[in-house]
Amino acid sequence: MTDYREDPKPQYEKRTPTQIRLKPVKVTKKIISDLVEIVKENKELLRKAETKYQL
Amino acid sequence: MKVYFSHSISESIKHKYLYLDNDFLSELFKDEIVLTETLHILDGSVFLIDPLTALEFLRDIYMPQQYNKKKKFISNEIFSPATNHQEIYKNLQENALLLSRIYAHQNHKNRSGVVDLFLAARLMYYQSPLLITGNKKDFPSCVFDTIGVLNIEQSGDGVMKPFCLIQFNRTNFEACYSALQKLPQ
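Sequence lines, in order, name chains A and B.
So the first sequence is numbered by our numbering: it starts at 3 and just counts up by one.
So the second sequence is numbered by our numbering: it starts at 71 and just counts up by one.
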């Protein structure tokens, strides 16, 4: 919408929502372990912060 | 924490573009068991992160270590960033304004936030992507269909938190849009 004085009209797009057509990324053990590691590290970070706060 | 779901979900999402809302993304970031189970359930779709969802996910974190963890998490190859440039926003803004007027006309009591309106506008803009969100109320049934539900049991209190898979229904939208246009000027 370039001008709010005009009435909006439904906008549709035939292209895909990404720059290029993507194939699904296979959920591999490596991907899972990388993400799990981050989640665990974050949990530990929060736990330490909480302990520090309680002290 | 445990994930409960209907097996038809895995079929519904195969080879589809699937936007992850911030509440869902945050749930994955909270617990490794939920993360692992959910990724296996949703395997086969393209996980998309809207730029505004990424902003919501990363906002308000001042601790550099925690901020870096979150950034590293959504930068994993499994999450793809949705296209982000000015030309798209002009169109999304148009859809968002229209959707907000339709929600109001259809007596949708809840006022959706701007980020959810833009996410809804994206679901409308592209051809049949899906969204997984814990805030179904921000995507009303007059325009969006629920095609599946995934329940995540919360640790501690055992409360079941539902996350809905939703999709834009163009036929319903056109009917609502036509009703809006018929209002006396």
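Idealized CB from N, CA, C, for every residue including glycine.
Only a predicted model underlies this, so the values are computations on that prediction, with no experimental measurement involved.
Spell out a yes or no on whether the segment 211-221 of chain B and the segment 235-248 of chain B are touching, meaning 3 or more CB-CB pairs, one atom from each, closer than 8 Å. yes
If we ignore side chains and look at the alpha-carbon of each, how far apart do methionine 194 of chain B and leucine 201 of chain B end up? 11 Å
Residue environment, serine 115 of chain B, which counts as buried when at least 16 other CB atoms sit within 10 Å: Counting Cβ neighbours within 10 Å, serine 115 of chain B comes out buried, since at least 16 surround it.
Other residues of its chain near tyrosine 74 of chain B: CB distance less than 6 Å, five sequence neighbours each side excluded: Within its own chain, the residues whose Cβ lies closer than 6 Å to the Cβ of tyrosine 74 of chain B, once the five positions on either side in sequence are excluded, are Asn221, listed in chain order.
Roughly how many whole angstroms lie between the Cα atoms of lysine 45 of chain A and phenylalanine 188 of chain B? 31 Å
For aspartate 93 of chain B, the first and last residue of its enclosing alpha helix (DSSP H): Per DSSP, aspartate 93 of chain B belongs to the alpha helix (DSSP H) from 92-100.
For isoleucine 148 of chain B, which residues from the same chain have a beta carbon less than 8 Å from its beta carbon, with the 5 sequence-adjacent residues on both sides left out? So the qualifying residues of the chain are Leu109 and Phe117.
Does serine 76 of chain B come out as helix, strand or coil in the three-state DSSP assignment? coil
Would you give the residue range spanned by the beta strand (DSSP E) that proline 151 of chain B belongs to? 149-151
Can you tell me the Cα-Cα spacing of lysine 86 of chain B and alanine 191 of chain B, whole angstroms? 18 Å
Closer than 7 Å between beta carbons: that is the criterion. Which residues of the segment 156-185 of chain B meet it against chain A? Lys160, Asn161, Gln163, Glu164, Asn165, Leu167 and Leu168
Using a threshold of 8 Å, state whether the C-beta atoms of threonine 53 of chain A and threonine 153 of chain B are closer than that. Going by C-beta atoms, threonine 53 of chain A is not nearer than 8 Å to threonine 153 of chain B.
Using DSSP bridges, identify the partner residues of glutamine 237 of chain B. The partner list for glutamine 237 of chain B (beta bridge, DSSP) reads B/Leu200 and B/Asp215.
Host beta strand (DSSP E) of isoleucine 119 of chain B (start-end): 116-119
My understanding is that phenylalanine 99 of chain B touches valine 29 of chain A, with C-beta atoms under 8 Å, so please give their C-beta distance in whole angstroms. Rounded to the nearest angstrom, the Cβ distance from phenylalanine 99 of chain B to valine 29 of chain A is 16 Å, too far for a contact under 8 Å.
So, does the CB of tyrosine 137 of chain B fall closer than 8 Å to a CB anywhere in chain A? With its beta carbon at least 8 Å from every one in chain A, tyrosine 137 of chain B lies outside the interface.
Can you grab the Cα-Cα spacing for the pair tyrosine 247 of chain B / proline 254 of chain B, in whole Å? 14 Å
Three-state secondary structure (DSSP) of aspartate 113 of chain B: Reduced to three states, the DSSP call for aspartate 113 of chain B is strand.
Isoleucine 83 of chain B versus leucine 112 of chain B: straight-line alpha-carbon distance, rounded: 7 Å
Kindly list, in the order they appear in chain B, the residues whose Cβ is closer than 8 Å to that of aspartate 5 of chain A. Here the premise fails: no neighbours, minimum Cβ distance about 10 Å.
Just checking: is the beta-carbon of lysine 16 of chain A within a distance shorter than 8 Å of some beta-carbon in chain B? yes
Should arginine 129 of chain B be flagged as near chain A, meaning a C-beta pair shorter than 8 Å? no
Among all the DSSP beta bridges, which residues are the ones paired with isoleucine 222 of chain B? B/Val73 and B/Lys231
If leucine 24 of chain A sits next to serine 150 of chain B, beta carbons under 8 Å apart, how far is it from one beta carbon to the other, in whole angstroms? 6 Å
Would histidine 178 of chain B be called buried (16 or more neighbouring beta carbons within 10 Å of its own) or exposed? Histidine 178 of chain B should be labelled buried.
Taking the beta carbon of threonine 203 of chain B as the centre, do at least 16 other beta carbons fall within 10 Å, making it buried, or is it exposed? buried
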